[in-house]
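Comments concern the structure below.
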Amino acid sequence: MKYSCIYHKYKTCFSFNRAGTADSKVMRLSALLFVFAIMLSCKTNDSLGLKKMSTNERNDYIASNIKARNGTDLGNFIYHIQESKIDLKPFHHPLTDKLLSSNYPYDIYILTNLLVNNKEYQTEIEQALTSKIKIWDTGNWSEKFWSLIKEYHLNIERPGFSAMENNSLKKYNVEAFMKTKIENDELGKEPLLMVNWSIISYEEGTLIETLHKLNIKHIDYTPKSQSVSLYGKRGIDGVLNITTY
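For the sequence shown, the UniProt record's numbering gives the first residue as 1, with consecutive numbering after it.
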């Protein structure tokens with residue numbers, strides 16, 4: 001990288017008389033350090049040293065790290081690749097394979113964001129989001145994903161008992177949800193109610209009214225067939241688990 005433009009731009013400002021004072025020497029040193037800092041900041045950010053590798057070495061290194069990393073470690077790695085201006089198109093298979101095998105909302109989200117601009121990957125993205133909807137369609141992640149799905153017109157079927165509002169917020173039909181679960185003998189009329197993992201008491205016959213007062217982000221449940229062994233007699237009608245954040 002050439003730095004002559006930087007040098008000539010500033011050299012008239014940093015010319016000093018040879019008979020200058022000690023202060024001028026300090027100023028000269030400060031000026032040189034300033035120019036050096038500018039020169040460093042102009043360097044291409046290649047903190048991983050990817051451009052020093054051969055093409056085969058670089059491709060193997062990137063593919064193996066995409067496969068091995070998860071969470072913020074994966075996010076940081078992808079960030080550094082992008083900062084290095086490395087074209088990610090040759091890594092279609094490692095990226096889509098990683099998306100299809102990911103089991104955390106964060107990983108699924110950053111990989112979807114990375115791939116979604118390319119129509120070639122739409123089928124794999126839709127397949128991954130559909131098969132992993134129970135992982136990402138929860139809490140604040142739900143809003144992020146449905147907003148992304150809406151923006152890029154992805155074909156993802158919405159879960160039953162819920163509808164998406166214009167602001168991509170999910171709204172549950174709690175009456176229909178409870179009616180179906182009771183008819184299928186999965187829940188009783190008075191299930192144990194947990195809100196954000198804390199048991200909440202409610203008066204008999206007021207479950208629906210209580211649910212309507214909550215800003216529900218996600219509904220999950222433990223059926224009667226499993227809840228008694230977990231919660232004893234309290235779980236005789238199953239457990240309704242509500243997330244509001």
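Note that beta-carbon positions come from the ideal geometry of N, C-alpha and C, so glycine has one too.
Look up Pro199 in the DSSP assignment and say whether it is helix, strand or coil. Counted from its first residue, the sequence shown places residue 199 at position 199. Reading the sequence as shown, one finds Ile at residue 199 and not Pro. Correct three-state label for Ile199: strand.
What did DSSP end up calling Asn240 once you bin it into helix, strand or coil? By one-based count along the sequence shown, residue 240 stands at place 240. According to the sequence displayed, residue 240 carries Leu and not Asn. Correct three-state label for Leu240: strand.
Going by the beta-carbon positions, is the gap between Ala128 and Ile108 smaller than 8 Å? Within the sequence shown, the letter at position 128 stands for residue 128. Within the sequence shown, the letter at position 108 stands for residue 108. Yes. Within cutoff.
Bridge partners - residue 266, DSSP secondary structure assignment: Because the chain spans 1 through 245 in this model, residue 266 falls outside it and cannot be assessed.
So for Leu74, helix, strand or coil by DSSP? Position 74 of the sequence shown holds residue 74. It is helical.
Suppose you measure from the CA of Asn113 to the CA of Pro90; what does that come to, to the nearest Å? Along the sequence shown, one-based indexing puts residue 113 at 113. Along the sequence shown, one-based indexing puts residue 90 at 90. If I take the Cα positions, the gap works out to 17 Å.
Taking Lys217 as the reference, which of Ile149, Lys170, Leu193 and Lys52 has the closest Cα? Along the sequence shown, one-based indexing puts residue 217 at 217. Selected option, being the one with the closest Cα: Lys170.
Just grab the DSSP bridge partners of Met194 for me. Indexing the sequence shown from 1 puts residue 194 at position 194. Answer is Ile199 and Asn241.
Residues near His80 in its chain [Cβ-Cβ closer than 6 Å; skip 5 each side]: Position 80 of the sequence shown, counting from 1, holds the residue named residue 80. If you ignore the 5 residues before and after His80, its C-beta comes within less than 6 Å of the C-beta of Ser47 and Leu48, all in its own chain and listed in chain order.
C-alpha distance - Tyr221 paired with His153, whole-angstrom precision: Within the sequence shown, numbered from 1, the residue matching residue 221 stands at position 221. Within the sequence shown, numbered from 1, the residue matching residue 153 stands at position 153. Each residue's CA atom was taken as its position, placing Tyr221 and His153 some 30 Å apart.
Using the C-alpha atoms, what's the distance from Asn65 back to Asn76? Residue 76 sits at position 76 when you count from the first residue of the sequence shown. Residue 65 sits at position 65 when you count from the first residue of the sequence shown. Our two residues, Asn76 and Asn65, have alpha carbons roughly 11 Å apart in a direct line.
Going by the CB atoms, is the gap between Asn103 and Glu126 shorter than 8 Å? Stepping through the sequence shown from its first residue, residue 126 is reached at position 126. Stepping through the sequence shown from its first residue, residue 103 is reached at position 103. Contact flag unset, no.
Hey, out of Ala68, Ile182 and Arg234, whose CA is closest to Met194's CA? Residue 194 sits at position 194 when you count from the first residue of the sequence shown. Cα-wise, what sits closest to Met194 is Arg234.
When Ile236, Ser198 and Ser131 are compared against Thr243, the one with the closest alpha-carbon: Here residue 243 refers to the residue found at position 243 of the sequence shown. The shortest C-alpha separation from Thr243 is found at Ser198.
Which residue from Pro94, Leu99, Asp185 and Leu74 puts its Cα closest to that of Phe135? In the sequence shown, the residue the question calls residue 135 occupies position 135. A small fix is needed here, since residue 135 is Ile in this sequence, not Phe. Residue nearest to Ile135 within the set Pro94, Leu99, Asp185 and Leu74 is Leu99 (criterion: CA-CA distance).
Would Ile86 and Leu115 qualify as a contact pair, given that the criterion is a beta-carbon distance under 8 Å? Your numbering for residue 86 matches position 86 in the sequence shown. Your numbering for residue 115 matches position 115 in the sequence shown. Leu115 sits away from Ile86, with the two beta carbons spaced by 8 Å or more.
Could you give the first and the last residue of the continuous alpha helix (DSSP H) run that contains Leu211? Locating residue 211 in the sequence shown gives position 211, counting from the first residue. From DSSP, the alpha helix (DSSP H) with Leu211 extends over Leu207 to His212.
Assigned secondary structure, Thr138 (DSSP; H/G/I helix, E/B strand, else coil): Locating residue 138 in the sequence shown gives position 138, where the first residue counts as 1. In this structure, Thr138 counts as coil in the three-state DSSP scheme.
Do you know how far the Cα of Asn70 is from the Cα of Asp97? Working through the sequence shown from its first residue, we reach residue 97 at position 97. Working through the sequence shown from its first residue, we reach residue 70 at position 70. Straight-line Cα distance between these residues: approximately 13 Å.
Assign Glu183 to buried or exposed, taking buried as 16 or more other Cβ atoms, counted over all protein chains shown, within 10 Å of its Cβ. What you label residue 183 is simply residue 183 of the sequence shown in a count that begins at 1. Result: exposed.
Glu57 to Ala63 span [Cα, whole Å]: For this step, residue 57 is matched to residue 57 along the sequence shown. For this step, residue 63 is matched to residue 63 along the sequence shown. Going by the C-alpha atoms only, they are around 10 Å apart.
Pull up the CB-CB distance for Tyr172 and Ile219, whole angstroms please, since I reckon it's below 8 Å. Taking the sequence shown and counting its residues from 1, the one referred to as residue 172 is at position 172. Taking the sequence shown and counting its residues from 1, the one referred to as residue 219 is at position 219. With 8 Å as the limit, Tyr172 and Ile219 qualify as a contact, their Cβ atoms being about 6 Å apart.
Determine the extent of the alpha helix (DSSP H) in which Pro94 is found, giving its start and end residues. Translated into the one-based positions of the sequence shown, residue 94 becomes position 94. According to the DSSP assignment, Pro94 belongs to the alpha helix (DSSP H) that extends over His92 to Ser101.
Assumed close pair Thr130, Glu151 - CB separation to whole angstroms, cut-off 8 Å: Taking the sequence shown and counting its residues from 1, the one referred to as residue 130 is at position 130. Taking the sequence shown and counting its residues from 1, the one referred to as residue 151 is at position 151. Going by Cβ atoms, the distance from Thr130 to Glu151 rounds to 17 Å, so no, they are not a contact pair.
Once you ignore the five residues that flank Asn140 on each side, which residues in its own chain have a CB closer than 8 Å to its CB? As a position in the sequence shown, residue 140 is number 140, starting the count at 1. Excluding positions up to five away in sequence, the list reads Lys217 and Tyr245.
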